[in-house]
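Note that UniProt numbering gives residue 84 to position 84 of the sequence shown, counting from 1, and the numbers run on in steps of one. Note that beta-carbon positions come from the ideal geometry of N, C-alpha and C, so glycine has one too. Given the structure is predicted, the values throughout are model-derived calculations rather than measurements.
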Amino acid sequence: MHTSGLVITFADDRAAAAARRDLSAGPFALGESRGRCQAAVLETTAPSAAHDWHDWAAALPGVVGVEVVFVHWDGAGQEVTHAGT
């Protein structure tokens, strides 16, 4: 399991409301929000899926940034063959 802690920044309140709905429909668990910033957790089965979901979130209308602040990879029995996977 690949777990990422994220801080997502929105352009404004209206954009934040729509983006939060979209994020909640995916594999994101939304946490505390402050102003234009939203804490979120993303859990995926592989780092490549986390990268894809990160890019998807960053491309949502009204999202101006997605910062990765924590990553945990529990790859018991699995090997990452090169950086970025």
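Spatially closest choice to residue i from the options, by CA coordinates
{"i": "I8", "options": "R14, H72 and R20", "result": "R20"}
{"i": "residue 88", "options": "D74, P47, A57 and A49", "result": "Residue 88 cannot be examined here, being either before or after the span of the chain that is shown, 1 to 85."}
{"i": "H2", "options": "S48, A15 and A16", "result": "S48"}
{"i": "W53", "options": "P27, E67 and H72", "result": "P27"}
{"i": "T45", "options": "H72, E67 and R14", "result": "H72"}
Residue i vs residue j beta-carbon contact at 8 Å
{"i": "A18", "j": "G62", "result": "yes"}
{"i": "R34", "j": "F10", "result": "no"}
Sequence-distant residues of the same chain with beta carbon closer than 8 Å to residue i, five excluded per side
{"i": "A25", "result": "none"}
{"i": "G31", "result": "Q38, A39, A40 and V41"}
Chain-order list of residues whose beta-carbon lies under 7 Å from that of residue i (same chain, five-residue window excluded)
{"i": "D74", "result": "M1"}
{"i": "G5", "result": "V41, V69 and F70"}
Residue i, DSSP secondary structure in three states
{"i": "L6", "result": "strand"}
{"i": "R36", "result": "coil"}
{"i": "A50", "result": "helix"}
{"i": "L30", "result": "strand"}
{"i": "L42", "result": "strand"}
Anticipated Cβ contact below 8 Å, residue i with residue j, distance rounded
{"i": "D22", "j": "L60", "result": "6 Å"}
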